[in-house]
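Below you'll find the structure, written out as structure tokens, and then a few comments.
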Amino acid sequence: MEILTQLIFSGIALGMIYAVIAFGYQLTFATSGTLNFGQGDALMLGALVGLTLVDRLGLNYWLMIPLVCVFGFLQGAFVERIAVRPAIKTKSEFGWIMSTIALGIIFKNVAENVWGRDDLTFPSPLPEAPLKVLGANVLPMEILVVGGAIALMLAVELFNRKTIYGKAVVATSNDRDAAGLMGINAGIVITFSYGLSSLTAAFAGVLIAPLTLTGATMGAVLGLKAFAVAIIGGLSSGMGVVVGGVILGVAETTTGFYLSTGYKDVPGLVLLLLVLAVKPAGLFGKTAIKKV
Amino acid sequence: MQIRLKTLAGAIALTLAGASAAYAADPIKIGVIGPFTGGSSSMGVSMRDGVRLAAEEVNKAGGVLGRQLQLVERDDEAKNERGVQIAQELINREQVTAAVGYINTGVALASQRFFQEAKIPVFNNVATGSVITHQFKAPEHPNSYVFRNAAHDSIQAPMIVEEAITRRGFKKVAILADSTNYGQLGREDLEKALTAKGITAVAVEKFNIKDVDMTAQLLKAKTAGAEAVLTYGIGPELAQIANGMAKLGWKVPIIGSWTLSMANYIDNARANGDGARMPQTFIQEPNTPKRKAFIDSYLATFKPKNDRIDSPVSAAQGYDSILLLAAAIKQANSTDGEKIRQALENLQTKVEGVVTTYDKPFSATDHDAITANIPVFGEVKGGKVVYAYPDDQKNPVRAKTASK
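So the protein sequences, as listed, match chains A and B.
Residue 180 in UniProt numbering is what sits at position 180 of the first sequence, and the numbering runs on without skipping anything.
Residue 158 in UniProt numbering is what sits at position 158 of the second sequence, and the numbering runs on without skipping anything.
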């Protein structure tokens with residue numbers, strides 16, 4: 001029992017990391033029907049910029065977070081202007097796929113040249129001694145990851161529901177053209193949503209960096225897993241990514257223990273295929289009706 | 001005017017001929033191949049720096065055969081396909097006399113065949129996969145051009161098992177190995193060595209490069225009742241193991257392959273990494289004059305962080321590889337690959353390196369310079385690697401045992 005609790009706790013911490021990145025995928029999909037395939041690299045950039053602020057400039061960890069969020073927002077807006085807007089303008093169905101992947105690769109190479117290709121240690125802001133919870137060991141940092149991820153997602157949801165700007169975002173995501181007719185500048189809303197999505201990724205980056213190692217290649221695996229989570233949970237449901245993330249995280253740790261550590265990555269991908277076959281919109285997604 | 005131009009041209013031609021004669025012959029090109037970026041770069045860069053140091057010393061002393069050594073360095077990024085490209089480039093375009101390097105067993109196995117085909121000697125001065133020097137065995141291949149001065153896995157694995165089972169008396173051990181060529185070949189060697197002692201590992205687990213969560217692997221080892229963890233992997237993931245153990249509040253000794261001495265293990269595991277033990281051919285401690293000179297000039301030239309060589313073993317083995325090669329070229333009195341190979345297999349002069357003094361390190365059938373008696377046990381302590389046993393510290397230089 002104690003072991004299962006331990007596996008589930010570790011799985012939840014891992015899953016929430018996936019979920020917060022997957023949440024970023026959703027933000028852009030809702031407003032523009034496009035995805036930023038450079039999410040993993042946005043996370044990596046956020047973590048490395050955060051490391052520079054903390055390590056080189058001696059900034060406090062908590063003060064660094066808002067700065068990294070600003071950086072993430074600008075980076076996302078940049079991606080939208082350079083890579084996505086031209087594709088939307090020309091009504092190209094898939095141009096944004098290639099261009100966001102391309103920008104992601106460019107960011108990775110730039111990061112390799114600026115920070116080197118070695119893995120670096122991110123100093124932990126919380127004590128590193130584990131806490132005992134229900135007989136299992138949990139690091140304070142893991143609790144912060146789960147709490148921080150949920151808080152961020154709630155903040156974005158609140159913003160969308162309660163503020164006038166948020167309502168513009170929701171309107172655009174419901175019907176871009178109608179929103180345009182109502183005087184909402186859909187272009188700015190889409191740029192904003194890209195900024196927001198990279199902001200969440202950069203935030204996730206500095207949250208998880210003290211647990212993992214920081215380096216130019218850290219985004220690749222995480223970005224891919226998060227994408228699977230976004231598909232499993234559904235691209236239109238905030239609840240979906242949390243559930244999807246936790247399912248994938250727990251599936252990974254429990255398979256590793258009860259089956260074999262060699263097959264750790266299999267169940268998540270099997271689940272992904274199953275969801276695509278049975279409920280393509282995701283476990284919590286709304287089925288889009290497309291008339292031809 | 002015509003005549004003046006002609007004399008001018010003649011004069012220029014004469015000066016050029018004179019200049020090249022004064023410069024003696026062209027330099028001898030030596031290829032240096034290793035990962036200078038990425039997860040195994042602390043080994044690659046230290047190796048390269050050791051090689052540079054040795055080449056500079058050889059050149060200051062007048063070079064070899066009156067010619068200077070010129071290093072042609074290439075970054076293989078620890079990728080097999082890059083290694084293959086580089087091997088071909090060094091052979092065909094740069095026309096190197098010999099090559100040293102290879103940190104990653106997989107890269108070595110994929111690329112050294114080109115040197116073998118071109119009959120150019122190639123030195124593995126870090127990669128430890130046992131099969132490396134047996135890749136081109138008789139009778140299919142009359143001669144092998146692959147040499148090595150690193151403690152290969154069939155030396156290290158029994159040492160690790162000896163330390164865990166015999167010296168420290170553990171009965172139950174778990175093996176954690178990464179999923180690369182290196183980890184899986186090493187795991188086989190570890191299992192073989194355990195079987196020889198009549199022991200089966202209570203858990204044998206795998207992890208991937210870049211894995212951030214080791215909970216499942218460690219819990220399996222813990223619930224199986226392991227008293228020690230034997231590892232085969234590289235720095236960043238080994239650090240995740242040490243950190244994961246601290247998280248689970250499970251403290252058993254880590255004993256593993258020599259990569260536990262990598263800077264990115266020590267730095268990323270910090271206090272959690274203390275106490276890990278691994279076989280080492282060289283420990284950064286100036287206990288002989290030769291070693292002191294090497295360490296001093298390394299620190300003065302490359303100024304590593306905290307006066308600690310990132311991977312002392314790689315630096316020392318890289319340094320020695322150039323001394324061995326220079327001695328062989330001198331003895332062969334030629335840059336012909338065939339003759340250098342023969343000279344290496346029958347080296348007449350003793351070569352004083354920093355790992356050991358090489359007295360006939362290679363023979364026609366044995367291309368490994370390091371034997372089981374040479375490596376000592378190192379231990380991570382306070383951010384650096386020190387001698388685990390005072391006996392080894394008193395007896396730091398051991399000679400190769402007679403060839404089998």
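Glycine included, C-beta positions come from ideal geometry on N, C-alpha and C.
Asked, Found
"What residue range does the alpha helix (DSSP H) around alanine 202 (chain A) cover?", "186-208"
"Are the CB atoms of isoleucine 309 (chain B) and tyrosine 319 (chain B) within a distance shorter than 7 Å?", "no"
"Along the chain, where does the alpha helix (DSSP H) that runs through proline 267 (chain A) open and close?", "266-278"
"Quick one: list the residues of chain B neighbouring threonine 253 (chain A), beta-carbon separation under 9 Å, in chain order.", "Asp213, Thr215, Ala216 and Leu219"
"Which two residues bound the contiguous alpha helix (DSSP H) that contains glutamate 81 (chain B)?", "80-92"
"Verify the CB distance criterion: does glycine 282 (chain A) have a CB-CB separation below 7 Å to chain B?", "no"
"How close, in whole Å, do the beta carbons of glutamate 379 (chain B) and alanine 388 (chain B) come, if the pair is a contact with beta carbons under 8 Å?", "4 Å"
"Just grab the DSSP bridge partners of arginine 277 (chain B) for me.", "B:Ile255 and B:Glu379"
"If the criterion is Cβ atoms closer than 7 Å, does the pair glycine 337 (chain B) and lysine 119 (chain B) meet it?", "yes"
"What does lysine 352 (chain B) pair with, by DSSP beta-bridge criteria?", "Residue identity check: residue 352 (chain B) is glutamate in the sequence provided, not lysine. BP columns for glutamate 352 (chain B) point to B:Thr357."
"Residue range of the beta strand (DSSP E) that glutamate 73 (chain B) falls in?", "69-75"
"Which same chain residues end up closer than 7 Å to alanine 136 (chain A) when comparing Cβ atoms and leaving out the 5 residues on each side of it in sequence?", "Glu2, Thr5, Gln6 and Phe9"
"Whole angstroms is fine: what's the gap from lysine 29 (chain B)'s alpha carbon to isoleucine 329 (chain B)'s?", "12 Å"
"How about the segment 53-61 of chain A and the segment 15-35 of chain A: do they share at least three Cβ pairs that are nearer than 8 Å?", "no"
"Measure the Cβ-Cβ separation of serine 261 (chain B) and methionine 278 (chain B) and say whether it is below 7 Å.", "yes"
"Taking 7 Å as the threshold (beta carbon to beta carbon), is proline 125 (chain A) in contact with chain B?", "no"
"What does phenylalanine 147 (chain B) pair with, by DSSP beta-bridge criteria?", "B:Phe123"
"By the three-class DSSP mapping on this structure, what secondary structure does leucine 222 (chain A) have?", "helix"
"Does DSSP classify valine 70 (chain A) as helix, strand or coil?", "helix"
"Figure out for me which residue from B:Ala127, B:Arg167 and B:Ser144 has the closest Cα to the Cα of glutamine 135 (chain B).", "B:Ser144"
"Report the rounded CA-to-CA distance for asparagine 109 (chain A) versus valine 70 (chain A), giving the unit in angstroms.", "22 Å"
"Output, in chain order, the set of chain A residues within a Cβ distance shorter than 8 Å of glycine 318 (chain B).", "Here the premise fails: no neighbours, minimum Cβ distance about 19 Å."
"I want to verify the contact list: residues of chain A whose CB lies under 9 Å from the CB of serine 41 (chain B), in sequence order.", "Gly116, Arg117 and Asp118"
"Buried or exposed: alanine 22 (chain B), going by 16 or more other Cβ atoms within 10 Å of its Cβ?", "Any reading at alanine 22 (chain B) is ruled out, since the residue's pLDDT is 43, under 50, leaving its predicted position unreliable."
"Are the CB atoms of serine 41 (chain B) and asparagine 149 (chain B) nearer to each other than 7 Å?", "no"
"From the DSSP output, read off the bridge partner residues of lysine 290 (chain B).", "Answer is none; lysine 290 (chain B) lacks a bridge partner."
"Measure the C-alpha to C-alpha separation of glycine 183 (chain B) and glutamate 57 (chain B) and round it to an integer number of angstroms.", "36 Å"
"If you measure beta-carbon to beta-carbon, which residues of the segment 234-261 of chain A are closer than 7 Å to chain B?", "Thr253, Gly256, Phe257 and Thr261"
"Give me the chain A residues within the contact set of residue 407 (chain B), using Cβ-Cβ distance strictly less than 9 Å, ordered along the chain.", "Outside the modelled stretch of chain B, which goes from 1 to 404, sits residue 407 (chain B), for which no answer is possible."
"Return the CA-CA distance between arginine 113 (chain B) and aspartate 26 (chain B), expressed in angstroms with no decimal places.", "27 Å"
"Could you tell me which whole alpha helix (DSSP H) segments of length 4 or greater appear in the segment 68-109 of chain A?", "85-89"
"Mind the definition here: the segment 285-298 of chain B touches the segment 253-273 of chain B only if three or more C-beta pairs lie below 8 Å; say whether that holds.", "no"
"Would you report the Cα separation of threonine 253 (chain A) and alanine 242 (chain B), rounded to the nearest angstrom?", "18 Å"
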